[in-house]
Amino acid sequence: MKALIVGGGPAGLMAAEVLLKAGVSVDLYDAMPSLGRKFLLAGRGGLNLTHSEPLRAFLDRYGPETETVRPWLAALPPEAIRAWAADLGIETFVGTSGRVFPTDFKAAPLLRAWLTRLRGFGLRTHPRHRWTGQAEGTTLTFDTPTGPVSATGDAVLLALGGASWPHLGSDGAWTDFLPGPIAPLRPFNCGWQIDWSEVLKAKAGSPLKAVALSVGGQRVRGEIILTEYGLEGSALYALSHHLAPGVTLYLDLLPDHDEHQVIDKLAGRGSASLGSFLKKNFRLSPAALALLNEGPRAAGWDTPAALARRLKALPLTLGEPRPLAEAISSAGGVPFSGLTPNLMLLERPSWFVAGEMIDWAAPTGGYLLTACLASGVQAARGMLALISPRPPGLLNAPQY
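Under this note's numbering, the first residue of the sequence shown is numbered 156, with each subsequent residue one higher.
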C-alpha cells in the first residue's frame, strides 16, 4: 500500500503520521526546498498550537461549518494535540488568554522533532517537486530541478493550502487543476481598510491593548493595531466570520468600565482638558485619543453621556479587506458538497484533500491550526478505509 501526499504543511504531515502508523508507505512531495515553511513563519511570534476553551465554545469558532468540522475535532480534539506535542518532547502551557503554546514559544523544535519521527517511521520526502496538475488515475507528474518525474500510489492526498503568503508555497494554483466547482479563495484573518485622516495615519503601528470589538451580536476582547491603511490584530481576526465591506464594528475603549461608571467619572472633569482627563483617569493612549477624535464631532459630542457612548461603542466602518497574499489564511476552496465525509473528492475517487484547500475558515487563536491537523487525520482515515486491508478497529490512529 502506498500513498502520495502533495503538500508538506501541518495537514499533510499529520495525515502522513496516521498512514505510516497504520503500515502504509508514504511519499510526500512539496514545491519548496523544505517542509513546513508557513508553519514556521506562523510560529515566529510564538506558536499558538490550539486553545484550551471547552470544546462546545471551541466548535463555535468555525461559524457556518461548525457541524461539518465537528467530526474532525472529535478525531483530534485540542487536548489530543497537547498530548501529541508532549509525545514529541514538546511541553505546552496555557496562556492568560487560554491559548496553548510550547513552553519555548518556538515552532522550529516541534517541526524538527516531528520530521525526525516521521522519517523514522519511513516517510520519504521529496522537496522541490511541484505538482504540474497532470494526473492519470493516481499517477502524478512533478516538475523538479532535474526535469519532470512521475509517481504512482494507491491513493492521493492534496494538502496544498490556500493562497495566503504565496511566497511560502501556498499559491492557490491548484484551483485550475481540480474538477468540479471551487469557491473563490478570499482573504480571512486579515487586515481591513479604513479611510483614516492624516492625523491617525501618523499613529500607524500603535497597538490598542485590552479593548473589545463588537459586531453582529458577537463581542471579543483583545488587541487591535492601527495601521496606515486601517486595522489589524487578534481581536479583529476573531470576528472574521462577521466581517465584510461596509460592516460597522463598535470599539469599546474601556471594556472594564460600564457606561454609567464612565458617565459619572466624566461628570467630574471640571476645567481639565478632555485629553488630559481621559489619559489620567482612563489611561487612554495617544493612539486611542486620536481614534476618539477621528471624524466630525456631532452636537453635544463632549457631554458626559455622549462621550461615554463614544468611548464604549466607537463606530468603525470597514472598507475592503487587504489583499489575499497578505492574509494570515484564506477562505474558499473545495466545497463540502464535492467531498465525502472522509474528504475524498466525489469527482475523482481515491483522491483526498485536507487543510485550507477546503472551503472552511477559522480565526487565529489555535483554531485554524487545530482544524488543519484534524483534517489531516480525517483524510488519512478515509484513505485507510479505501486501501488498507486492516479491520476498521485499527484505523483510528493516532491515539495519545
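For every residue, glycine included, the Cβ atom is placed at its ideal position computed from N, Cα and C.
Considering only Q373, T294, L340, E475, the residue with the shortest C-alpha distance to P504 is T294. Assignment of beta strand (DSSP E) within the region 258-326, counting only whole runs of 3 or more residues, yields 279-281, 285-291, 294-298, 304-307, 310-313 in chain order. In the assembly as shown, Q373 is an exposed residue. Its beta-carbon has fewer than 16 other beta-carbons within 10 Å. Of the candidates E502, R285, A290, R285 places its Cα closest to the Cα of D298. Burial check for T280: the Cβ neighbour count within 10 Å reaches 16 or more, so the residue is buried.
Relative to the Cα of G327, the nearest Cα in the group L231, D242, P339 belongs to P339. E353 sits in a helix when the DSSP states are folded into three classes.
The Cβ atoms of L391 and G346 sit closer than 9 angstroms to each other. Taking C-beta atoms as the reference points, G430 and A166 fail to come closer than 9 angstroms. Taking 8 angstroms as the upper bound for CB-CB distance, A177 and L539 are in contact here, some 5 angstroms apart. Looking from the CA of F343, the closest CA among P476, S305, A238 belongs to P476. Below 8 angstroms, too few C-beta pairs join the region 459-468 and the region 302-315 to call them touching: fewer than three.
Counting other Cβ atoms within 10 Å of its Cβ, G520 reaches 16 or more and is therefore classed as buried. By the Cβ neighbour-count rule, Q533 is buried, with 16 or more other Cβ atoms within 10 Å of its own.
Per DSSP, V161 is one residue of the beta strand (DSSP E) stretching across 157-161. Here the C-alpha atom of D350 lies approximately 46 angstroms from the C-alpha atom of A238. In the same chain as A422, and ignoring 5 residues on each side of it, the C-beta atoms closer than 8 angstroms to its own belong to P459, in chain order. By the criterion of a C-beta distance shorter than 6 angstroms, V311 is surrounded in its chain by L159, T293, W506, once the five residues flanking it on both sides are discounted.
Annotation: the continuous beta strand (DSSP E) that includes R374 extends over 373-381. The beta carbons of E383 and K356 sit about 5 angstroms from each other, so the pair counts as a contact at 8 angstroms.
Assignment of S180 by DSSP, reduced to helix, strand and coil, places it in the strand class. The region 398-413 makes contact with the region 464-475, as at least three CB pairs between them are under 8 angstroms. E387 is bridged by DSSP to I380.
For I513, the three-state secondary structure derived from DSSP is strand. DSSP places P496 in the coil class of the three-state scheme, outside both helix and strand. Here the region 179-194 does not lie against the region 203-213, with fewer than 3 beta-carbon pairs under 8 angstroms apart.
Counting only residues of its own chain and dropping the five nearest sequence neighbours on each side, A529 has a CB closer than 7 angstroms to the CB of W227, L228, A230, L231.
Cβ-Cβ distances below 6 angstroms link V249 to S207, V255 in the same chain, with the five nearest sequence neighbours on each side left out; the list follows chain order. A straight line joining the alpha-carbon of S325 with that of H397 spans about 25 angstroms. The region 495-504 and the region 426-445 do not touch, with fewer than three beta-carbon pairs separated by less than 8 angstroms. Between the beta-carbon of L175 and that of L278 there is about 6 angstroms, and that keeps the pair under the 8 angstroms contact cut. Counting along the chain, T472 sits inside the beta strand (DSSP E) bounded by residues 469-472.
Of G385, S492, V508, L323, the smallest CA-CA separation from E220 is found for S492.
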